[in-house]
Structures are given as C-alpha cells and as structure tokens.
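If you're matching positions, the sequence shown starts at 0 in numbering that gives the first Met the number 0 and goes up one per residue. The beta-carbon is built from N, C-alpha and C at its ideal position, and this holds for glycine as well. Keep in mind the model is a prediction, meaning the values are calculated, not measured.
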Amino acid sequence: MNAPTVKSIAIRNVSFGTGVTVVEPVNLYGCTIGDGCFVGPFVEIQKDVTIGARCKIQSHAFICELVTIGDDCFISHGAMFINDLFRTGGPAGGDKRQWRATRIGNHVSIGTNATILPVQIADNVVIGAGSVVTQDILEPGIYAGNPAKLIRAL
C-alpha cells in the first residue's frame, strides 16, 4: 500500500492587523489581513492577497493570488475568485504571467457562491448570490446574474 503525500492546512507568513478573528481550519499564506477582520472556517486566502480593514470572509470562500479587497467588505459563503482565464485553452499552470489581478473597492458585498473573474469592482457594490462577474463594475449598485448585470443603482 502506498502512502499519500499529506500537506497540512496552515497559517503561514500572514500579516495580521489588530483585532482579527480566524476560525480554523483555514489555509492562509503569504497574505495581508487588515484590522478587525473576521475569517470563517474552511477559507483559503493565497499569497499576494491584501484584505482591508473590518472585512468579513465567510466559510468556504476562496481568494486566489492577485486579489485586493478594500475596507468594510463582506465576502459570503462559497464565494470564489479566479485569476486564470484559461487563455490558452487550459490552465496556465506555473506560468503566472497569464494570471490577471482583481481589485475590489470599499463597502462591497459579494453574495453566496458568487464567482469573481479578474475584474475591478467600484466602491458601494452588492453582488447577488450565485452571480458571475465577468466584466469591470465601475458604478455603485446591485448586480446579479450570469453574467452579472446592473439591477439597481445605489
């Protein structure tokens, strides 16, 4: 019988602000998490991610490399961020030059099971549950659907 390679869940090389709460198990590495944030269980936040102050990251969220999240944001259960658009027809693999960055403004709420491709999202935006954000959102408002569209201005 062959033994598997086992890699443990861990918190490594994370820069935490003051008053941060983390509920394990989580996988956090090489990221920056601002003051007063909450990170729920089963969350992965990868290296080169910056999360602003007073954000709440709910369980099962995945925040990949090259994501920046502003202050006072809410990332709901199962929200997924993507940095590889499969431009060559498959995963970029180790070629990080093909990855793209995502920037989330301040006071942004992202609903349960939303998928966020590499985009820019303005301040004061709500993304509905299950939405897929495929393009930049440059105006405050409520957006929902696949692809996400403006439902109502704020």
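- In the DSSP assignment, the residues bridged to T31 are S14, T49.
- Closest in alpha carbon position to V22, among L137, G104, P40, is P40.
- Closest option to A60, judged by alpha-carbon separation, among G77, A52, T49: G77.
- By the 16-neighbour rule on beta-carbons within 10 angstroms, D94 is exposed.
- Listed in chain order, the non-local C-beta contacts of N26 below 6 Å within the same chain comprise I8, E43, local neighbours out to five positions each way being set aside.
- Of the other Cβ atoms in all chains shown, fewer than 16 fall within 10 Å of the Cβ of T20; this residue is therefore exposed.
- A152 is bridged by DSSP to G140.
- Cβ contact annotation for N82 (same chain, cutoff 8 Å, sequence separation greater than five): C63, E64, L65, V66, W98, R99, A100, T101, P117, in chain order.
- Membership of R102 in the beta strand (DSSP E) is indicated by the continuous run 101–103.
- For Q119, the pairing in a beta bridge is given by DSSP as R102.
- For K6, the three-state secondary structure derived from DSSP is coil.
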